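Notes to accompany the following structure.
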Amino acid sequence: MTAGEIAELLGGRLEGDPGREISQASDLRSAQSDQIAFATGDEALRMAAQSVVGCLLVAENAPALNGRTVIRVPKPRKAFARVLQILHPPDRPPPGVHSTAVIAESAVLDEGVSIGPHVTIADAVRIGEDTVIEAGVSIGRGVTIGSRCWLYPRVVVYHGVEIGDRVILHAGCVLGADGFGYELDSSGHEKFPQLGSVRIGNDVEIGSNSCVDRAALAMTEIGDGSKLDNMVHVAHNCIIGKHVVIAAQTGLSGGCIIGDNALIGGQVGMGDKVRVEAGAILGSGCGVLPHKVVPAGEPYWGTPARPLREYLKGLAALRRLPKVLRELRELQAHAKDDTPE
Amino acid sequence: MTAGEIAELLGGRLEGDPGREISQASDLRSAQSDQIAFATGDEALRMAAQSVVGCLLVAENAPALNGRTVIRVPKPRKAFARVLQILHPPDRPPPGVHSTAVIAESAVLDEGVSIGPHVTIADAVRIGEDTVIEAGVSIGRGVTIGSRCWLYPRVVVYHGVEIGDRVILHAGCVLGADGFGYELDSSGHEKFPQLGSVRIGNDVEIGSNSCVDRAALAMTEIGDGSKLDNMVHVAHNCIIGKHVVIAAQTGLSGGCIIGDNALIGGQVGMGDKVRVEAGAILGSGCGVLPHKVVPAGEPYWGTPARPLREYLKGLAALRRLPKVLRELRELQAHAKDDTPE
Amino acid sequence: MTAGEIAELLGGRLEGDPGREISQASDLRSAQSDQIAFATGDEALRMAAQSVVGCLLVAENAPALNGRTVIRVPKPRKAFARVLQILHPPDRPPPGVHSTAVIAESAVLDEGVSIGPHVTIADAVRIGEDTVIEAGVSIGRGVTIGSRCWLYPRVVVYHGVEIGDRVILHAGCVLGADGFGYELDSSGHEKFPQLGSVRIGNDVEIGSNSCVDRAALAMTEIGDGSKLDNMVHVAHNCIIGKHVVIAAQTGLSGGCIIGDNALIGGQVGMGDKVRVEAGAILGSGCGVLPHKVVPAGEPYWGTPARPLREYLKGLAALRRLPKVLRELRELQAHAKDDTPE
Numbered sequence: 082m083t084a085g086e087i088a089e090l091l092g093g094r095l096e097g098d099p100g101r102e103i104s105q106a107s108d109l110r111s112a113q114s115d116q117i118a119f120a121t122g123d124e125a126l127r128m129a130a131q132s133v134v135g136c137l138l139v140a141e142n143a144p145a146l147n148g149r150t151v152i153r154v155p156k157p158r159k160a161f162a163r164v165l166q167i168l169h170p171p172d173r174p175p176p177g178v179h180s181t182a183v184i185a186e187s188a189v190l191d192e193g194v195s196i197g198p199h200v201t202i203a204d205a206v207r208i209g210e211d212t213v214i215e216a217g218v219s220i221g222r223g224v225t226i227g228s229r230c231w232l233y234p235r236v237v238v239y240h241g242v243e244i245g246d247r248v249i250l251h252a253g254c255v256l257g258a259d260g261f262g263y264e265l266d267s268s269g270h271e272k273f274p275q276l277g278s279v280r281i282g283n284d285v286e287i288g289s290n291s292c293v294d295r296a297a298l299a300m301t302e303i304g305d306g307s308k309l310d311n312m313v314h315v316a317h318n319c320i321i322g323k324h325v326v327i328a329a330q331t332g333l334s335g336g337c338i339i340g341d342n343a344l345i346g347g348q349v350g351m352g353d354k355v356r357v358e359a360g361a362i363l364g365s366g367c368g369v370l371p372h373k374v375v376p377a378g379e380p381y382w383g384t385p386a387r388p389l390r391e392y393l394k395g396l397a398a399l400r401r402l403p404k405v406l407r408e409l410r411e412l413q414a415h416a417k418d419d420t421p422e
Numbered sequence: 082m083t084a085g086e087i088a089e090l091l092g093g094r095l096e097g098d099p100g101r102e103i104s105q106a107s108d109l110r111s112a113q114s115d116q117i118a119f120a121t122g123d124e125a126l127r128m129a130a131q132s133v134v135g136c137l138l139v140a141e142n143a144p145a146l147n148g149r150t151v152i153r154v155p156k157p158r159k160a161f162a163r164v165l166q167i168l169h170p171p172d173r174p175p176p177g178v179h180s181t182a183v184i185a186e187s188a189v190l191d192e193g194v195s196i197g198p199h200v201t202i203a204d205a206v207r208i209g210e211d212t213v214i215e216a217g218v219s220i221g222r223g224v225t226i227g228s229r230c231w232l233y234p235r236v237v238v239y240h241g242v243e244i245g246d247r248v249i250l251h252a253g254c255v256l257g258a259d260g261f262g263y264e265l266d267s268s269g270h271e272k273f274p275q276l277g278s279v280r281i282g283n284d285v286e287i288g289s290n291s292c293v294d295r296a297a298l299a300m301t302e303i304g305d306g307s308k309l310d311n312m313v314h315v316a317h318n319c320i321i322g323k324h325v326v327i328a329a330q331t332g333l334s335g336g337c338i339i340g341d342n343a344l345i346g347g348q349v350g351m352g353d354k355v356r357v358e359a360g361a362i363l364g365s366g367c368g369v370l371p372h373k374v375v376p377a378g379e380p381y382w383g384t385p386a387r388p389l390r391e392y393l394k395g396l397a398a399l400r401r402l403p404k405v406l407r408e409l410r411e412l413q414a415h416a417k418d419d420t421p422e
Numbered sequence: 082m083t084a085g086e087i088a089e090l091l092g093g094r095l096e097g098d099p100g101r102e103i104s105q106a107s108d109l110r111s112a113q114s115d116q117i118a119f120a121t122g123d124e125a126l127r128m129a130a131q132s133v134v135g136c137l138l139v140a141e142n143a144p145a146l147n148g149r150t151v152i153r154v155p156k157p158r159k160a161f162a163r164v165l166q167i168l169h170p171p172d173r174p175p176p177g178v179h180s181t182a183v184i185a186e187s188a189v190l191d192e193g194v195s196i197g198p199h200v201t202i203a204d205a206v207r208i209g210e211d212t213v214i215e216a217g218v219s220i221g222r223g224v225t226i227g228s229r230c231w232l233y234p235r236v237v238v239y240h241g242v243e244i245g246d247r248v249i250l251h252a253g254c255v256l257g258a259d260g261f262g263y264e265l266d267s268s269g270h271e272k273f274p275q276l277g278s279v280r281i282g283n284d285v286e287i288g289s290n291s292c293v294d295r296a297a298l299a300m301t302e303i304g305d306g307s308k309l310d311n312m313v314h315v316a317h318n319c320i321i322g323k324h325v326v327i328a329a330q331t332g333l334s335g336g337c338i339i340g341d342n343a344l345i346g347g348q349v350g351m352g353d354k355v356r357v358e359a360g361a362i363l364g365s366g367c368g369v370l371p372h373k374v375v376p377a378g379e380p381y382w383g384t385p386a387r388p389l390r391e392y393l394k395g396l397a398a399l400r401r402l403p404k405v406l407r408e409l410r411e412l413q414a415h416a417k418d419d420t421p422e
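Chains as they are written, first to last, in the working numbering: chain A, 82 to 422; chain B, 82 to 422; chain C, 82 to 422.
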């Protein structure tokens, strides 16, 4: 592919040699003369001036880079993400069903579906076109999966779960296991059967070994475009909106509601029925008390989670605390001296 | 099933139409005329008055609901859990061994056992009657599993683990992997072989992708009726009592001892050899220092974990801290003004 | 094996009966007359005096244990670890490929490799001699695995990952899944394709259900001899040095660099690009802010992570806070009384 062709695909403005052959994308540090990279910020632009990189994505207002082939775009990093997708498409396995897969007769596989070795697909499953199901995946009865999804090895989908289009599920993630519900009792805990299910929207990506539990009676939902990292726990009856981002090892207790475009850090913990408003931001490691409402605007931090400024103010006060205690002792001594006895 | 038959099974007192046909259980909000729900609390009872629900489980002393079919029981939620089990029994796969399963000749499967596709069962394994082993489960040499258990897809049980009756293991959980033991050394860490095993009592349920490690020399144990949520980590040599509840993503370091009926929140972390007394309560996200004893009575919270009242007092003091520092500055200024120089 | 033979293998000094037959290793508490145990510390030595244990590993300067067969060594616990390895070697499955495994023609398996049931091995994979691949493991295209490794059931290795010699991967762990990278955008989050890979050194052990993500463009690395516990998350582009120990449920965000011999507790969270210096110690549950450098020397604790002494000082001040607030109120009242109005 030439630099000129890439510029055209991106709708960017080319400077330099449009015929330059580009075969790979790379990071700026190790880029070779047949590779494309991106540079934003002064340091990266300085490094770019030294590099032998074949073509460079830069911002529209970046300084001139004499003698280089550059493509000017509004968002170089985003343009680079697209170049990566074009130059390095994922290595799609060919369509077809591997001979070792066990597929129920009542399952319906649309055109172009690829089913790997040792896959199990139960009754009444429906899988949309061009979806890839890798080795050892297990799909329960009545599950529906949209088109162009990709399920990596050892994913488990329990019965009845609904999955949209272009969903990516990484290895070992589990959708639709029973929610954690019991009637606690001195004579033993009675299981509260979990009869609901899980609905995953379009363009969702879920990381390795993450778990999304089925609802008790209704639906646990993850909205279109939301992205969950590895080992995220979503308990029964949570409703996660659209384009939500949740980093690794975060856990949501039962019935949490997360608004669209919320950003949630890693290792966050939420109690039951927390409500995170659309666009809200939760810092990594924070703990949100049950039934709490987290508003948009200022990020929330700490445990119990509170507005960042308040958290920082408390932290600063805490840092000064040992010194303050000493000063207080002096004041007390002083007051005692003053006191007529 | 009729409302009268349900009342009889529950030992409840029926008011209204005993012949009312009930085909499903539902939540109160979406309940239809052939469905049963439960209502506790004023708000739910008000909602019930508006609902078309076919039959309602209420407390024995709940107000009259004129013109409705109700069943009065001591604990409506617990009765509802039982109704769910009766009206919606899990969809049990038929007994038998799938042709793709690999079963050692020396394994003994009792009557009614169901083995799914791509299961691996090693030598000298013994599985009790009516137990379900789903797709892709791997059972190591010498494992014993009781009757009426349910192992969901991709569960891994290492060699020698002992599992009681009616145990539920959700997808991806791992029992009996090596405990994390090394002899640390400047020349490299020498593995301390883990020769013990894991013993799981009756009526235990363990969530998806949870890990229970084998003991170094003795047994890691989980007592009868205990329930672990998703992604719980139980290190080597832990002894968990009966009817203990542990929420998601909690981690127990080596050699912790948890008394019967303890309640442990999510994302709790325990150091080595913590002892949690019977009936103790640990709030979500708290961190317990090694060798600490957590008594029953008041719940424990925070890091390092301490009695809830103490934690709350500290938190309140912390909130007032910035204001207090300002006041202290004023006092210091005041003292300075007073000081004769 | 006799006590004399064991003493010779360990290079230890035997006292008592060199012909004593030892068939098993055990903990001191339950040791029998044909078993070997170790004893360090006064309490253990007192217990040893009462025990029927057949042979005892003790420190070189331990007091005399009359009438007992003991082996004196510099480090009894380390010597015991070696005895465990000798007396209880892991039960290695025989070499060969199970008939249900699916192996690409272009894969190269060296001598002595053991491949279990339902394993999937893709194109151009290379596996070194005497490596064990257990049931249901999935190995992606172009992966290389060294000699004498052990992959427990259901491990997933994505394409292109490089694994050294004598590496142990426990059940359900996932190497090489996509890093969590998106271009966030109001119109949806664009996936940043993850084209790098993962390189695992020699003698590494990784716990059950842990996840090590592939780098965006370069390599995520884990150095020789490092040990990761269960459910550890290593994000894209992390570089972990040699002989690092990371306890369970710890999470590293993207681009963290961990120096050799660092010790990292359980449930630790690190922000992006944290640098932990060689030999540094991070206490369990601590949270490290992005870009922070953690030096060697004093352990770091708490959130945000800080030197242990500072953390403890803050904690002590915090404990005194409610009392201090009362004293401050008294001082204020006193100051008011003093003030002429």
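Where is the CB? At the ideal position from N, CA and C, for every residue including glycine. Small disclaimer: the values here were computed from a predicted structure and weren't measured.
Asked	Found
Which residues in chain B have a C-beta closer than 7 Å to the C-beta of R173 of chain C? List them in chain order.	Under the 7 Å cutoff, chain B gives no residues; its nearest Cβ is about 12 Å from R173 of chain C.
Do you know offhand how far T301 of chain A's Cα is from I338 of chain A's?	10 Å
If you draw a straight line from the C-alpha of A185 of chain C to the C-alpha of A203 of chain C, how long is it?	5 Å
For the region 341-351 of chain B against the region 308-328 of chain B, do three or more pairs of beta-carbon atoms, one drawn from each stretch, fall closer than 8 Å, so that the two count as touching?	yes
Since R153 of chain C and G100 of chain C are thought to touch, with beta carbons under 8 Å apart, how far apart are those beta carbons, to the nearest angstrom?	About 18 Å separates the two Cβ atoms, so there is no contact after all.
Output the distance between the C-alpha atoms of H314 of chain C and K308 of chain C, rounded to the nearest integer angstrom.	13 Å
Let me know the beta strand (DSSP E) ranges lying completely inside the region 129-210 of chain C, each 3 residues or longer, listed in chain order.	136-140 and 151-154
In or out: L190 of chain A buried (at least 16 other Cβ within 10 Å) or exposed?	buried
Can you give me the Cβ contacts of N342 of chain A inside the same chain, cut-off strictly under 8 Å, excluding the 5 residues immediately before and after it?	G322, K323, H324, V325, A359 and G360
Per DSSP, which residues does I214 of chain C bridge with? Please list them.	C:I196 and C:L232
At a Cβ threshold of 7 Å, is V237 of chain B touching chain C?	yes
In whole angstroms, what is the alpha-carbon distance linking P170 of chain B and E210 of chain B?	18 Å
In chain C, what lies closer than 7 Å to H324 of chain A by C-beta?	G269 and H270
At which residues does the alpha helix (DSSP H) containing G85 of chain C begin and terminate?	A84 to L91
Using a Cβ-Cβ distance cut-off of 7 Å, determine whether K159 of chain C contacts chain A.	no
In this structure, does DSSP put D418 of chain A in helix, strand or coil?	helix
With respect to the beta strand (DSSP E) encompassing E96 of chain A, which residues constitute its N-terminal and C-terminal limits?	R94 to E96
Below 8 Å, can you find three or more Cβ-Cβ pairs linking the region 237-257 of chain A to the region 240-260 of chain C?	yes
Using a Cβ-Cβ cutoff of less than 7 Å, which residues in the same chain neighbour R387 of chain C once the five nearest sequence positions on both sides are dropped?	Y381
Return the Cβ separation of L298 of chain C and L276 of chain C in integer angstroms, given the expectation that the two are a contact with Cβ distance under 8 Å.	6 Å
Let's test the definition: count the other Cβ atoms within 10 Å of the Cβ of N311 of chain A and tell me whether it reaches 16, buried, or not, exposed.	buried
If you compare alpha carbons, which of B:E124, B:E192 and B:R149 is closest to V134 of chain B?	B:R149
Quick one: residues in its chain with C-beta nearer than 6 Å to the C-beta of G223 of chain C, no 5 flanking neighbours on either side, listed in chain order?	A205, H240 and G241
List the DSSP bridge partners of A118 of chain B.	B:L137
Along the region 239-256 of chain A, where does the CB come closer than 7 Å to a CB of chain C? Name the residues.	H251, A252 and G253
Quick check: is any heavy atom of the ligand HEM less than 6 Å from the C-beta of V237 of chain B?	Looking for the ligand HEM in the displayed structure turns up nothing, as the structure carries no ligands at all.
In the DSSP output, what is A258 of chain B paired with across the bridge?	B:D294
Residues of chain B with a CB under 8 Å from the CB of L402 of chain C: which are they?	G395, A398, L399 and L402
Expressed to the nearest angstrom, what Euclidean distance is found between the alpha-carbon atoms of A160 of chain B and I214 of chain C?	48 Å
Which same chain residues, not among the five before or five after G366 of chain B, have their C-beta less than 6 Å away from its C-beta?	Q348
Short of 6 Å in beta carbon distance, which residues of its chain neighbour T181 of chain B, apart from the five on each side in sequence? Order them along the chain.	P198 and H199
Report the CB separation of V151 of chain A from L137 of chain A in whole angstroms; it is logged as a contact under 8 Å.	5 Å
Look at the alpha carbon of E89 of chain A and the alpha carbon of L95 of chain A, and state the distance between them as a whole number of angstroms.	9 Å
If you run the structure through DSSP and keep just helix, strand and coil, what is A125 of chain A?	helix
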